[in-house]
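A short write-up of the structure that comes next.
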Amino acid sequence: MTLKEALKLSPEEIAQVREALAQKIAQSDLNAYVALDMAGSGIPIAIKDNIQVQGWSVTSGSKILKGYIAPYNATVIEKLHAAGLSPFGRTNMDEFAMGSTTESSCYGRTLNPHNKGCVPGGSSGGSAAAVAGGLAIAALGSDTGGSIRQPAAFCGIVGLKPTYGRVSRYGLGAYASSLDQIGPMTQNVEDAALLYDIICGHDPKDSTSADIAYAPTAPNLSANRKLTVAILPKYVEGASEAVRAGYTKAISALKAAGHTIVERELLDPKYDISAYYITATAEATTNLARYDGIRYGARVEGDNLKDTFIRTRSEGFGDEVKRRIMLGNFVLSSGYYDAYYVKAQKVRQLIKHEYETIFQEVDLILSPVAPSTAYPFGALEDPLTMYLSDIYTISVNLAGLPSIALPVDRDAQGLPVGMQLIGRAYDEQTVLDGAYSLELQLKTQE
Ligand code: GLN
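Here it is in structure tokens:
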């Protein structure tokens, strides 16, 4: 059942849907959810484990937050309630949203519904697997460098990362505050528009929230606008054969739907990786300093206060989180700050400028979401290889732009191939319109 369909149901019917989902989840071995909540009465929405829901144990997939109970609702949760939707369960994720596979969660890994030997992507892998596996009508995820779009692509669903500032971050467990955005993960483009309309809007509780007027996208969703779409032939060269084939297929479908295709180029993505991993780890170091065993969650008592901090953090954080805290402290330390952090901010400006230049002439940019389709567990064990797999998603966060991932093809093993359409800041309507048109066109070709 889609969100659009669910929005028409009576309260009794919604209660039945909830019950049926809970039964399916109990029988599922995907490990998409880490906890369920049957108390709500609205349309059930799956919530990533880093979004505050009052009264829930919210842990960001980390041992260090075990025992912490959220004392308030994130703004997006208040907005769900106001629209007759309710949080239904916490979905699994990489610890503190750091990762691309959901393997770094303290609750163990989530399986890809299309092939249980493969990763569902990450960090919002639980939300993606829940929607793809028929265990959720729709879900919320968060995207700092691709964590909505990449698991959406690996699981064959739709994921929208809104423009930075469009959706309130109040109540989102911070990873990298200048990059994080909450967004919808859904079965189709129309549902993404519906859920986006519900959660977006200015919020005085988030100082980075954009006070910019918006019109609801779902009632205006149109597959008939003729758009100019930039493609990036050089940028795509490094992707796998299946992803390149999917790219070609998406281009043909866009042409067939009447859109104009033009060729453009982007900066070598190796600069994106460096700028992103310096910025994200620097911000993460600062954000994660608050987990000290005193204020939230788990504590390991030591001989004195400092020892308590050290023991709590040594035992509470996993390896990937520790690695990033060290890297973040390094790039912020005096002597290295100018060489790394300041430089990364300059590169970030260049990336932003490059996108702005392209968007003077085009409405959308078509890009792969990931260099490959979903891979087996453990395949990217080396952290650097894992970081490199983010090449197609992170520049969008660095530039603060909206982007939607949607399924366009299958690889030889039957695994989904996703593509993304990137748009101008605050122009979610065009992003959704382009994706809707592509989705419908691909359906007619089936
Ligand atoms: N894989 C990227 C990282 O680990 C992106 C994660 C995300 O968007 N939360 O930083």
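Per the numbering used here, residue 46 is the first one in the sequence shown, and the count goes up by one each step.
Where is the CB? At the ideal position from N, CA and C, for every residue including glycine.
Distance from the CA of S223 to the CA of P207, rounded to the nearest whole angstrom, comes to 13 Å. DSSP places Q226 within a strand segment (E or B) once states are collapsed to three. Taken through DSSP and simplified to helix, strand or coil, C200 comes out as helix.
In the three-state scheme derived from DSSP, where H, G and I count as helix and E and B as strand, L425 is classed as coil. Judged by DSSP in its simplified three-state form, S172 adopts helix. Relative to the non-hydrogen atoms of the ligand GLN, the Cβ of S187 comes within a distance shorter than 7 Å of at least one. The DSSP-derived three-state label of D408 is coil. With a threshold of 16 other beta carbon atoms within 10 Å, R393 meets it and is buried. Distances from the CB of S448 to the heavy atoms of the ligand GLN are all 7 Å or more. Look at S145: its beta carbon is less than 7 Å from one of the heavy atoms in the ligand GLN. Taking all protein chains in view, the Cβ of P249 is surrounded by fewer than 16 other Cβ atoms within 10 Å, so the residue is classified as exposed. Distance from the CA atom of S131 to the CA atom of G100, rounded to whole angstroms, is 13 Å. In this model, A470 and N442 are separated by some 11 Å (Cα to Cα). When DSSP reads this structure, A275 sits in a beta bridge with V307 and I410.
Between the region 431-450 and the region 392-411, the count of C-beta pairs closer than 8 Å reaches three or more; the two stretches touch. A straight-line Cα-Cα distance of about 21 Å links A197 and G210.
In the three-state scheme derived from DSSP, where H, G and I count as helix and E and B as strand, T489 is classed as helix. Per DSSP, reduced to three states, the secondary structure at F133 is strand. For L217, same chain residues with a beta-carbon under 7 Å away, outside a window of 5 residues either side, are N95, I96, A119, S187, D225 and I227 in chain order. Here the alpha carbon of Y322 sits roughly 10 Å from the alpha carbon of L433. Put simply, the region 421-432 does not touch the region 375-382. Fewer than three CB pairs are less than 8 Å apart.
Within 10 angstroms of the beta-carbon of L75 lie 16 or more other beta-carbons, which makes it buried. Three or more beta-carbon pairs drawn from the region 147-156 and the region 166-179 are found closer than 8 Å, and the two stretches are therefore classed as touching. In this structure, E473 is the residue among E473, G459 and I306 with its C-alpha nearest to the C-alpha of C245.
Nearest C-alpha to V462 among I114, L272, K279 and E286: E286. Here the C-alpha atom of S359 lies approximately 54 Å from the C-alpha atom of H304.
According to the DSSP assignment, M138 belongs to no beta strand (DSSP E), since it is labelled neither H nor E. If you compare the alpha carbons of V103, I109, S145 and A238 with that of R356, the shortest gap goes to I109.
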